[in-house]
Ligand code: NQM
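Residue numbers (my numbering): 97 to 449.
Here it is in structure tokens:
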């Protein structure tokens, strides 16, 4: 490993990740995690001796391998590397980085490019779910240039369309792990939900918030952070996640009435820093909660006529589709993201401390 590891560095949606091949990493998870910490520069809030960006959204790793499943082309293991702690977690997926996995799988020869677009079937190893991605590949090679825009990323790029089947209970075993659409923790109404991402949905007004607060303002409020963390620690076991003291889930999503023509407004603790926008699966989970009449999300939402939900967040809006069957079950979900290759080369992890 001292001679370096082949690496793609990519933006996926509103996040950034190092994309590595499983075959280039130690097979043992503990050794791999130790290597990823050194590679990203953790623990250090600035990750100055690594290539992490000093923020959870730019301290992410995607590990790819050819899939041996008949229904998938590529296995995608997501690893969240904590910037300021010597800690990594595979106990969550990441839908933003998933957008980068499509083109990366083609770049790394796991999927042959078609003209004008390529379907990439991804097995998301963290949760066991599958995604179908459509990557733009005119003339049989990946293009990152295009006209699609997503809030939270300047400019435009080629779209990556993403479709998900059966996300419900991805980590908690059931869409509503407590069997209820509304629970009460520390005197607060909340929906404990997992439609791709374990989330605790809370009314922001119950914390005296307006929904216009910036992530920096929310992060500066130590009393608010402590209240939210106390609820999270109680919610973890209720969601079958066990002790979540050191876990990056559940995400804590405060919801507000929409303020910019969307369905609902959000501020998300992921779980200690506040998201600059919102995660893909978190947005799908929030949109799903809007459909549950007892949820605090339903009470503040301006529900759409069809299946398209615009979820407001600190940098704009995220569009997700959630398709509900007549009997109330959630069938499919989807979204559109963009991705870009930033760098391809060899990464040199810091030596052991
Ligand atoms: O919810 C950040 C991100 C994510 C996760 C986080 C994500 C998702 O925006 O699918 O994409 O919540 O940790 O990259």
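Don't be surprised by glycine CBs; every beta carbon is placed ideally from N, CA and C.
Just so you know, these numbers come straight off a predicted model, no measurement behind them.
- Looking from the CA of residue 346, the closest CA among 261, 406, 295 and 376 belongs to 295.
- With a cutoff of 8 Å on beta-carbon distance, residue 121 and residue 131 are scored as near each other.
- In this structure, residue 278 has its CB at a distance of at least 7 Å from all heavy atoms of the ligand NQM.
- Boundaries for residue 390: no beta strand (DSSP E) harbours it, and the DSSP string shows neither H nor E there.
- A distance criterion of 7 Å places the beta-carbon of residue 435 beyond contact range of the ligand NQM, judged by its closest non-hydrogen atom.
- Taking non-hydrogen atoms of the ligand NQM into account, the C-beta of residue 189 is found less than 7 Å away from one of them.
- Fully enclosed beta strand (DSSP E) runs of no fewer than 3 residues occupy 213-220, 225-232 and 255-261 of the stretch 192-271, in order along the chain.
- Not one heavy atom of the ligand NQM falls within 7 Å of the beta-carbon of residue 394.
- Listed in chain order, the non-local C-beta contacts of residue 115 below 6 Å within the same chain comprise 104, 106, 158 and 200, local neighbours out to five positions each way being set aside.
- Residue pairing for residue 415: DSSP places it in a beta bridge opposite 406.
- A heavy atom of the ligand NQM is found nearer than 7 Å to the CB of residue 152.
- In the structure shown, residue 327 adopts helical secondary structure according to DSSP, grouped into three states.
- Residue 220 has its Cβ no nearer than 7 Å to any heavy atom of the ligand NQM.
- The C-alpha of residue 182 lies about 13 Å from the C-alpha of residue 152.
- Pairing residue 203 with residue 102, the inter-Cα distance amounts to about 12 Å.
- The alpha-carbon of residue 343 is positioned some 19 Å away from that of residue 350.
- In terms of side-chain proximity, the C-beta atom of residue 371 is found nearer than 7 Å to a non-hydrogen atom of the ligand NQM.
- Taken in chain order, the unbroken stretches of beta strand (DSSP E) that lie wholly in the stretch 130-165 and span 3 residues or more are 156-162.
- With contacts defined as CB atoms closer than 8 Å, residue 433 and residue 258 qualify as a contacting pair.
- The closest CA to that of residue 292, considering only 438, 379, 332 and 401, is found on 379.
- Every beta strand (DSSP E) of 3 residues or more that sits fully in the stretch 317-371 is shown, in chain order, as 347-352 and 360-365.
- A distance below 8 Å between beta-carbons, with the five flanking residues on each side excluded, links residue 169 to the following residues of its chain, in chain order: 162, 163, 201, 206, 207, 216, 217 and 218.
- By a beta-carbon distance limit of 8 Å, residue 417 contacts residue 430. Their separation comes to about 5 Å.
- The beta carbon of residue 411 lies closer than 7 Å to those of 247, 248, 372 and 373 in the same chain, with the five residues before and after it left out.
- Out of 255, 389 and 365, the CA that lies nearest to the CA of residue 415 is found in 255.
- Under the Cβ criterion (8 Å, minimum of three pairs), the stretch 354-369 does not count as touching the stretch 273-288.
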